[in-house]
Structures are given as structure tokens and as C-alpha cells.
Amino acid sequence: APTGRDRLRIAIQKNGRLSEPARALLGSCGLSWRESPDKLFCYGDNAPVDLLLVRDDDIPGLIDSGLCDLGIVGRNVLVEQSSERDESGTPANFRELRALGFGGCRLSLAVPNDWDWQGAAQLQGKRIATSYPALTRAWLREQGVAADVVVLNGSVEIAPRLGQADVVCDLVSSGATLVANQLKPVCDLLQSEAVLAGPVAELDPQLAETAQMLLRRIDGVLRIRDSKLLMFQAPRDAVADVLRLLPDAEPPTSYSVDGGELLAMQALCHGVVTWQRLEELKRAGARGLMVLPVERMLA
Ligand code: ATP
Ligand code: MG
6 APTGRDRLRI
16 AIQKNGRLSE
26 PARALLGSCG
36 LSWRESPDKL
46 FCYGDNAPVD
56 LLLVRDDDIP
66 GLIDSGLCDL
76 GIVGRNVLVE
86 QSSERDESGT
96 PANFRELRAL
106 GFGGCRLSLA
116 VPNDWDWQGA
126 AQLQGKRIAT
136 SYPALTRAWL
146 REQGVAADVV
156 VLNGSVEIAP
166 RLGQADVVCD
176 LVSSGATLVA
186 NQLKPVCDLL
196 QSEAVLAGPV
206 AELDPQLAET
216 AQMLLRRIDG
226 VLRIRDSKLL
236 MFQAPRDAVA
246 DVLRLLPDAE
256 PPTSYSVDGG
266 ELLAMQALCH
276 GVVTWQRLEE
286 LKRAGARGLM
296 VLPVERMLA
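Going by the UniProt record's numbering, 207 is the number at position 202 of the sequence shown; the sequence numbering is gapless.
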């Protein structure tokens with residue numbers, strides 16, 4: 006449906022784990038904002054892209070209703086809300102467009118330490134405390150297990166000790182909270198991280214163009230995270246040996262230095278280029294090795 010807007014609107018978390026990294030990502034895409042004092046709405050300075058700062062739970066709904074065009078939110082929130090839609094039979098107009106590589110965590114089932122975990126069948130007739138009821142119910146259906154889902158919006162881990170539930174299904178990153186509550190994770194329902202979410206339906210052409218521009222920049226930023234440009238020279242007959250040591254590199258470009266046997270090469274490496282790798286490359290015949298940071302990339 007036409008929005009009547011000509012500026013792209015992105016919803017991000019106002020206050021929380023994803024706020025800073027989301028802003029940083031958009032910042033490294035070259036966007037900047039003139040913040041309004043209440044900081045609910047930030048007007049884009051140098052591109053027709055505005056920010057809406059909200060509770061993360063509101064982000065899928067804002068995209069669904071077309072009030073926002075894109076959002077940065079945990080996959081856990083997105084999948085929970087689409088599972089809710091599945092349950093009610095109303096298809097969601099939001100979906101994951103890109104995984105963003107931060108905010109990593111898992112939605113895990115955790116049981117009391119003294120349980121001898123045998124598998125999902127053990128949950129039959131038990132009570133599971135969670136803030137992710139739709140996702141948990143979908144998983145239980147998949148497992149063919151009937152259990153009661155107890156919805157709690159905070160302090161889920163304490164539920165077994167309080168006698169509110171037998172087990173929990175909650176987000177885990179370090180696992181310290183579980184340990185403190187004498188629980189152990191036994192099964193992951195979802196691997197989560199922050200994602201860029203957008204509508205299933207097409208955006209208005211003008212907004213779509215801005216969104217495509219932003220996606221290209223995000224792809225560039227994601228590609229160069231942890232990537233380095235490796236420059237070196239190698240005699241033509243050593244190149245095959247050298248390239249075998251660079252399995253994580255994109256196909257290198259090379260040119261001959263003196264029209265002869267020595268090639269100057271550059272390869273974009275994903276992953277860490279350690280001293281040890283440089284020494285191996287040197288043993289394989291590479292010379293003049295240099296590792297450079299990559300500032301920007303546009304495919
Ligand atoms: P809001 O006020 O916006 O509703 P919130 O309390 O729901 O905030 P945060 O605790 O800031 O949300 O977490 C935001 C997201 O960070 C989570 O939905 C999840 O995707 C991710 N995350 C990463 N690690 C963890 C963790 N250990 N616990 C909870 N969330 C985590
Ligand atoms: Mg929330």
C-alpha cells in the first residue's frame with residue numbers, strides 16, 4: 006500500500022542491547038541524524054532516512070503496519086511475533102532481510118541441574134516458563150509434546166525455584182544467569198542475532214530505491230567486518246602454493262610487476278591474518294607481505 010512518505014523510516018531499539026550497535030551500523034553506512042530532544046524520532050541529515058526509536062517488541066508491528074519500512078531487531082522477537090501470527094492465522098508482513106552479526110544469543114530450554122535430560126519427551130505434562138510462548142508452543146508441536154507454557158515477561162529463570170514452572174525457555178548468552186539459578190541449558194530452540202527486518206510486500210518505488218541503497222551499504226559494511234586486504238608478491242610458479250594457504254580469501258587479483266615471473270597480488274581475506282599465516286605464506290614463496298585494513302567496499 007502506498008505510504009505517502011518519501012523518506013525511508015527505520016525503527017531501532019531506543020534503549021537496550023541493540024541500540025548502540027544498530028546506530029553504529031547505520032553510521033558506518035554513512036547516515037547521520039539531527040536528533041530531536043525527545044529522541045523518539047531522528048531526522049536524517051544527509052539522506053532521506055529517518056529513525057524511529059522504540060521498544061524492540063514494537064518493531065515487527067511497525068513494519069507490519071507500514072509505519073516503518075525497515076527495522077533492526079533480534080531474530081528472537083521477529084520469529085516470536087511471526088509464530089504468533091501463524092497461531093492466529095494472519096500472515097505477517099515482516100521478514101528477515103539480513104543477519105547483522107551482533108546481539109548474538111540463543112533461545113534455550115533450561116532444566117534444573119539435577120535433571121537427567123533425555124530429550125523433549127520428558128517435557129510431557131510439564132510447565133515451561135518463557136517470554137517466547139508462540140515460539141515455544143511451535144517447538145513443542147514439532148516435538149509432538151504437550152506441555153503448559155507459562156508466560157512471564159521478566160525473571161524467567163527464577164520460576165522453577167518459585168515453583169511457578171518446572172523448566173524455562175529463555176535467551177542465553179553467557180549462561181551465567183542460568184547457573185545462578187541452578188539451571189542448565191539442554192536444547193536450543195533458536196540461534197538469534199540482530200537482523201534487519203523489512204516488509205514482505207514491496208515498498209513504494211521511491212522508498213524501495215533508498216532501501217536498496219542502504220542494503221548495498223550494509224552488505225558492504227558486513228563484508229568488510231573482519232576482512233583485510235593482503236598484498237604481496239610471488240613468483241609465478243609459487244602462486245598455486247601460496248593460494249592454497251588462503252582458502253578464506255576472495256579470488257585474488259594479480260598483475261605482473263616486470264612483465265616477467267614476479268606477480269604482484271592482492272587478496273581480500275576474511276578472518277584473522279596472523280603472523281603465523283604470514284610466515285607460512287613467506288615459506289611458500291610470497292614476498293613483501295602487507296596486511297591492510299579495509300575502509301569501505303561497494304560491490
Ligand atoms: P525493550 O525495552 O526495547 O523492550 P528488552 O529488554 O526487550 O528492551 P534487551 O534486553 O535490550 O531488550 O535485548 C534486546 C535483544 O538483545 C534481545 O531481544 C536479544 O535479541 C538480544 N540479546 C543478546 N544477548 C542477550 C541476552 N543475554 N539476554 C537477552 N537478550 C539478549
Ligand atoms: Mg523488549
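Note that the Cβ used here is the ideal one computed from N, Cα and C, for glycine as well.
#### Entry: Three-state secondary structure (DSSP) of TRP280
Residue state, collapsed to three classes: helix.
### Query
Exposed or buried, VAL205, counting other C-beta atoms within 10 Å across all chains shown (16 or more means buried)?
With fewer than 16 Cβ atoms within 10 Å of its Cβ, VAL205 is classed as exposed.
### Message
Assuming the contact rule is C-beta atoms closer than 8 Å, THR135 and VAL161 should be a hit. Round their C-beta distance to whole Å, please.
### Response
That pair is a contact at about 6 Å.
### Message
Between which residues of its own chain and SER178 is the CB-CB distance below 6 Å, once the five residues before and five after are set aside?
### Response
Here the set comprises CYS110.
### Query
Are the Cβ atoms of LEU201 and GLN238 separated by less than 8 Å?
Result no, Cβ atoms of LEU201 and GLN238 do not sit closer than 8 Å.
### Message
Taking 7 Å as the cut-off, is the C-beta of ASP193 nearer than that to any heavy atom in ligand 1?
### Response
No, the beta carbon of ASP193 sits no closer than 7 Å to any heavy atom of ligand 1.
### Query
Where are the beta strand (DSSP E) runs, 3 residues long or more, that stay fully inside the region 88-123, in chain order?
Fully enclosed beta strand (DSSP E) runs of 3 or longer: 100-104, 110-117.
### Query
According to DSSP, which residues form a beta bridge with SER70?
Paired residue(s): none; SER70 is not in a bridge.
### Message
The alpha helix (DSSP H) that contains PRO204, what's its start and end?
### Response
Segment: none, PRO204 is in no alpha helix (DSSP H) and carries neither H nor E.
### Task
Locate the beta strand (DSSP E) running through GLY79, then write down its first and last residues.
Run containing GLY79: 75-79, per the beta strand (DSSP E) assignment.
### Query
Hey, quick one: how far does the beta strand (DSSP E) through SER261 stretch, first residue to last?
Residues 258-261.
#### Entry: Status (buried if at least 16 other CB within 10 Å, exposed otherwise) for LYS233
Buried, because 16 or more other Cβ atoms sit within 10 Å of the Cβ of LYS233.
### Task
Specify which residues have a beta carbon nearer than 6 Å to any heavy atom of ligand 2, listing them in chain order.
Those satisfying the condition are, in chain order, ARG60, ASP61, ASP62.
### Task
Mind checking which residues open and close the alpha helix (DSSP H) that includes GLN187?
No alpha helix (DSSP H) contains GLN187, which DSSP labels as neither H nor E.
### Message
Counting beta carbon pairs with one atom in the region 257-264 and one in the region 188-202, are three or more of them shorter than 8 Å?
### Response
Verdict: no, contact absent.
### Query
Buried or exposed: which applies to ARG221, given that a residue is buried once 16 or more other Cβ atoms fall within 10 Å of its Cβ?
The Cβ neighbour count for ARG221, taken over all protein chains shown within 10 Å, is under 16; the residue is labelled exposed.
### Message
Rounded to the nearest angstrom, what separates ALA269 and ARG230 at their Cα positions?
### Response
Separation of ALA269 and ARG230 (C-alpha to C-alpha, rounded to the nearest whole angstrom) is 25 Å.
### Query
Do you know how far the Cα of ARG100 is from the Cα of GLY76?
Those two C-alpha atoms are separated by around 10 Å.
### Task
Give a single yes or no on whether ARG28 has its beta carbon closer than 7 Å to a heavy atom of ligand 1.
No; taking the cut-off as 7 Å, the Cβ of ARG28 has no heavy atom of ligand 1 nearer than that.
### Task
Report whether the distance from the Cβ of GLY130 to the nearest heavy atom of ligand 1 is below 7 Å.
Because no heavy atom of ligand 1 lies under 7 Å away, the Cβ of GLY130 does not count as near it: no.
### Query
Are the CB atoms of LEU57 and PHE46 nearer to each other than 8 Å?
Going by beta carbons, LEU57 and PHE46 fall inside the 8 Å limit.
### Task
Determine contact between the region 12-26 and the region 67-75, defined as no fewer than three beta-carbon pairs at a distance below 8 Å.
The count of Cβ pairs closer than 8 Å, one atom from the region 12-26 and one from the region 67-75, reaches three, so the stretches are in contact.
### Query
Thinking C-alpha only, which one of THR279, ILE223, LYS287, ARG288 is nearest LEU297?
For the residues THR279, ILE223, LYS287, ARG288, the minimum Cα distance to LEU297 belongs to THR279.
### Task
Report the three-state DSSP secondary structure of SER24 (helix, strand or coil).
Here DSSP, grouped into helix, strand and coil, assigns SER24 to helix.
### Task
Examine ligand 4 and report whether any of its heavy atoms sits within less than 7 Å of the Cβ of GLN196.
Ligand 4 is not part of this structure, which contains only ligand 1 and ligand 2.
### Three-state class that DSSP yields for GLN148 in the structure shown
GLN148 falls in the helix class under three-state DSSP.
### Task
Give me whichever residues DSSP pairs with ARG132 in a beta bridge.
Per DSSP, the beta-bridge partners of ARG132 are ASP153.
### Query
Out of curiosity, what's the CA-to-CA distance linking GLU300 and LEU227?
Approximately 12 Å, taken between the alpha carbons.
### Spatially closest choice to ALA304 from GLU255, VAL84, GLY265, by CA coordinates
Checking every option, the nearest Cα to that of ALA304 belongs to GLU255.
### Query
What is the DSSP secondary structure of LEU248, counted as helix, strand or coil?
DSSP places LEU248 in helix when its eight states are reduced to three.
### Task
Check whether the Cβ of residue 311 sits closer than 7 Å to any heavy atom of ligand 1, and report yes or no.
Shown here, the chain extends from 6 to 304; a query on residue 311 therefore has no answer.
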